[in-house]
Structure formats: C-alpha cells, structure tokens
C-alpha cells in the first residue's frame, strides 16, 4: 500500500516508559488540585467516549466470561508459536529458523477469519504482514497501528516455571515468551479489528493500516525496514560484544573476525561521540598489537567531529606511529539512526489519542493524565519517521515490573489484556469519527 502521509502511527512497545502507570487512588486528583500557578496548568484533553457511533461499548462487548476465555485461547495460540528472531539469522527462505513465522501466519489467519475476509493483506519480504482496512473517505489521512511478530530467544528453558512456549494459563496470568513483548499487543490489535469487522454496522470512513514486522528484536530492517523502505540500523542496549563471527573451521585461523556491538546512547551524546568512544576503547589494543586503525572511513559526520578535537587527544587514539603493523582494525557502522523527533503532546491527533487513554483507563476519584516521556529504547517506528509527526510508542497496559519482559518467566495478566483490547477497539472508533 502506498501511503504519502499518516494521521498518526501508534506502535506497541516493551519499554516501561510507554505503559500506563496508574497513580494511587485519589493522589492524581489531589496533585492536580494543588497546582494553582497559571504557568503550571495542565491542559488535559477531554475524556473521549466513542459511544456516539452506535456500536456496542467496549465494556459490554469484552467483559463477559466467554470473551475472556476466547482471548485466552487466542493469545495462547499465538504465544505457542516459537517465532524467535536471532541476531545472526540468514535471509528469509534460506535460514530454516524463519519457519515458525509461516506457522504463526496460519494461526493468525485461522484465529481472525473476518479480518482476512474484509481486509487487504500484503506480505512484505515474505514474512511482514501489512493489512489495509479501506475507509470510504480518501480525504482522511490513514492511521497505522504497529506490533511485531517476533520474540527474543530463551537461553535456558529449564529455568522457567512453565515451558516458555506452552502458554500456560493459571486463571490469572498467561506464562510464556512474548506474552508481554509483543504478542499481547499483537493479539489485542487483531482482536479489536476482528470485532469491528464482524459488525455489519461498522463501515470505516478512515483507512486503517496494520503493520506487523518480524525482526523488531534484532533491528527490524527485514520487516519494518522493508515495509517502510527506510534505514537498516538500530542503536539499542548497553555496550557489549553481542556477536563474534570469525572462521568456519575448527583447525584454521580466520582471515578476519567480526565483533558486533550494540550501544546505548545517552541523551546528551551525539552519535559521533559514541563512535569516538569506541575508538578510545580500542586504542590500547591497537598499540599493543601494532594494528592499523581505520575508524569509520567515509563518515563525514565523524570526520568533522574528530577534526574539532584537540591534536593531543587525537594522538592518543592514532596508531600510525607503530612501525611493525600486524593487521588492521576497522571500525564501522551499518548505518546510523539519529534520535527520533519528539512526539507532539498537543494538537487534534493527540487530543483523540489522549482522550481515548483517559476514557479506557479512567478510575473513580482520580484523573488520568497522558503525558510524554523520554524513552531510551528503540522500536520499529524508526523506519516510519517520515510518514507522520504523530508517532506514539505506547502499550495500553498498566505496567507491572514483574511481567519479566525479555527474561525468565515472562507473563501477562489477562485482565490487562482485556483492557488493552478495549483500548484498541475505542481508539479505532474515536479516530474513525474524527474529522481531521
């Protein structure tokens, strides 16, 4: 599907900063009431109830025991497919470890039949799923919702309370890899559209696009990157050697060895500073072994940064004085991903988004206050920066630290999953009713 501009992009994420954090009851209202200075007033968008469209309310539709049981089965079916992405995966179609994703597609098609009857499905780079629910009014900009199909690897299954791909339900929690990141959101988005498309009274005016990548956990360039035709680089996690690749035979020295490092970039650092930090760290190795150092050749930004350094600082990291060269150490990047633009917290799209958050997560004697926050992680949204300024990385769940995202015994609350489903259902209805 060709999309020139989006009204907004809503992406589910695993970062805690993007979850709902419900204040203690009464505290939020007390805090707001105590702010009286005119420059400190919090301009809250109104609570946005979509009931004007005549469709059943989210509470009426998704609060029954039967729906809860259905959602448990749906999430279990999706979690039970071990769609793991690895840093060293080969091309799709050549590496057999991609095989579970084909199984996942079969499960999704079987579980959400109305979506597949009424939406247009395009497969991008074989495994990327792109659904288009066409609206009747082309003057309304589309809305894109994102989630990802892949999960992180399991290091040692024996350390889990339940097998990580059994999706055991204990009456309150579903246990398994991907239950929090990101198959919970994936299932909720699909379920919301399955419900809407099952209602003959719903005929969307606005076009909605669902984009589900398959390698978000290891950069996203095959999935979201292909879908968006954007860059192929991610800056994530802390500095550490994440993979080592060198040689193919046990008894032969490799011609070259490649070490991959993922970096966490501090808010006050530029990318060139981070690159130069790597140069500093290898300086002693370069001198000790008499290597030729070639840092980021052809990178104009880095070369300008180095040119501005003091000459004595440059000498600390150069190895040209070493006469007995014994090899070459090359530092390079696969590309660079600059910090994402700040997502707006005002305007028509924000008002609908934030108003839906306030509606779904409302509670007695309290006030829900949607607000922006710094998110240090990265998501597939980096591949979509050019499509809209209204990009929000948000998971509609009340954050619980014990969810164990990416770790042993990952799990998700079914109550939270139902609330997530309600949010997406009302989010779509509210944006479909919006006039911008």
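Numbering (my numbering), first residue to last: 3 to 438. Quick reminder that beta carbons are idealized off the backbone N, C-alpha and C, glycines included.
So the alpha helix (DSSP H) residue i belongs to, where does it begin and stop?
i: residue 197; result: 185-199
i: residue 442; result: The requested residue 442 does not occur in the structure, where the chain is confined to residues 3 to 438.
i: residue 273; result: 273-291
i: residue 333; result: No alpha helix (DSSP H) holds residue 333; the beta strand (DSSP E) holding it covers 329-333.
i: residue 306; result: 302-309
i: residue 203; result: From DSSP, residue 203 is part of no alpha helix (DSSP H); its letter is neither H nor E.
i: residue 62; result: 60-64
Going by C-alpha to C-alpha distance, which of the options sits closest to residue i?
i: residue 64; options: 438, 428, 432, 434; result: 428
i: residue 439; options: 362, 367, 438; result: Only positions 3 to 438 of the chain appear in this structure, which leaves residue 439 out of reach.
i: residue 58; options: 202, 178, 418; result: 202
i: residue 308; options: 278, 283, 163; result: 278
i: residue 91; options: 185, 216, 211; result: 216
i: residue 214; options: 149, 176, 413; result: 149
i: residue 174; options: 431, 418, 434; result: 418
i: residue 191; options: 179, 135, 160; result: 135
i: residue 179; options: 438, 410, 433; result: 410
i: residue 212; options: 93, 82, 200, 123; result: 123
i: residue 151; options: 365, 111, 107, 142; result: 107
i: residue 139; options: 283, 275, 288, 206; result: 206
i: residue 274; options: 283, 289, 302, 291; result: 302
i: residue 198; options: 132, 120, 166, 131; result: 120
i: residue 347; options: 310, 391, 103; result: 391
i: residue 146; options: 115, 89, 133; result: 133
i: residue 99; options: 210, 112, 350, 155; result: 155
i: residue 110; options: 131, 101, 95, 69; result: 131
i: residue 298; options: 333, 165, 143; result: 333
i: residue 413; options: 345, 142, 177, 304; result: 177
i: residue 374; options: 364, 343, 389; result: 343
i: residue 159; options: 293, 103, 84, 286; result: 84
i: residue 71; options: 433, 416, 432, 430; result: 416
i: residue 431; options: 272, 376, 195, 368; result: 195
i: residue 163; options: 406, 193, 367; result: 406
i: residue 47; options: 186, 208, 294, 354; result: 354
i: residue 193; options: 437, 290, 420, 394; result: 420
i: residue 116; options: 272, 276, 370, 200; result: 200
i: residue 440; options: 294, 103, 88, 208; result: Because the chain here runs from 3 to 438, residue 440 falls outside it and cannot be looked at.
i: residue 272; options: 184, 73, 292, 304; result: 304
i: residue 335; options: 281, 49, 56; result: 281
i: residue 51; options: 137, 287, 364, 288; result: 364
i: residue 166; options: 104, 82, 210, 101; result: 82
i: residue 9; options: 182, 345, 95; result: 345
i: residue 49; options: 389, 141, 368; result: 368
i: residue 153; options: 187, 310, 141, 366; result: 187
i: residue 2; options: 113, 141, 209, 86; result: Because the chain in this structure spans residues 3 to 438, residue 2 falls outside the shown range and cannot be described.
i: residue 137; options: 95, 69, 208; result: 208
i: residue 435; options: 394, 291, 144; result: 144
Looking at the unbroken beta strand (DSSP E) that takes in residue i, where does it start and where does it end?
i: residue 424; result: It is not in any beta strand (DSSP E) - residue 424 instead sits in the alpha helix (DSSP H) that spans 416-435.
Based on the DSSP output, what are the partners of residue i in its beta bridges?
i: residue 170; result: 177
i: residue 476; result: Within the shown structure, residues of the chain are numbered from 3 to 438, placing residue 476 beyond reach of any answer.
i: residue 347; result: Looking at the DSSP assignment, residue 347 forms no beta bridge with any residue, so it has no partner.
i: residue 296; result: 332
i: residue 413; result: 177
Output yes if chain C places a C-beta closer than 8 Å to the C-beta of residue i; else output no.
i: residue 84; result: Going by chain labels, chain C is absent from the structure shown, which holds only one protein chain.
Cβ of residue i within 7 Å of any heavy atom in the ligand MN?
i: residue 79; result: Of ligands this structure carries none, so the ligand MN is not represented either.
(message) For a minimum of 3 consecutive residues, which ranges assigned as the beta strand (DSSP E) are wholly contained in the stretch 70-136?
(response) 122-126, 130-135
(message) Check whether the stretch 123-135 and the stretch 57-75 are in contact - that is, three or more C-beta pairs closer than 8 Å.
(response) no
(message) Counting beta carbon pairs with one atom in the stretch 165-185 and one in the stretch 68-88, are three or more of them shorter than 8 Å?
(response) yes
(request) Report yes or no: do the stretch 329-336 and the stretch 347-366 share at least 3 C-beta pairs separated by less than 8 Å? (result) no
(request) Could you tell me whether the stretch 387-400 touches the stretch 418-426, using the rule of 3 or more Cβ pairs below 8 Å? (result) yes
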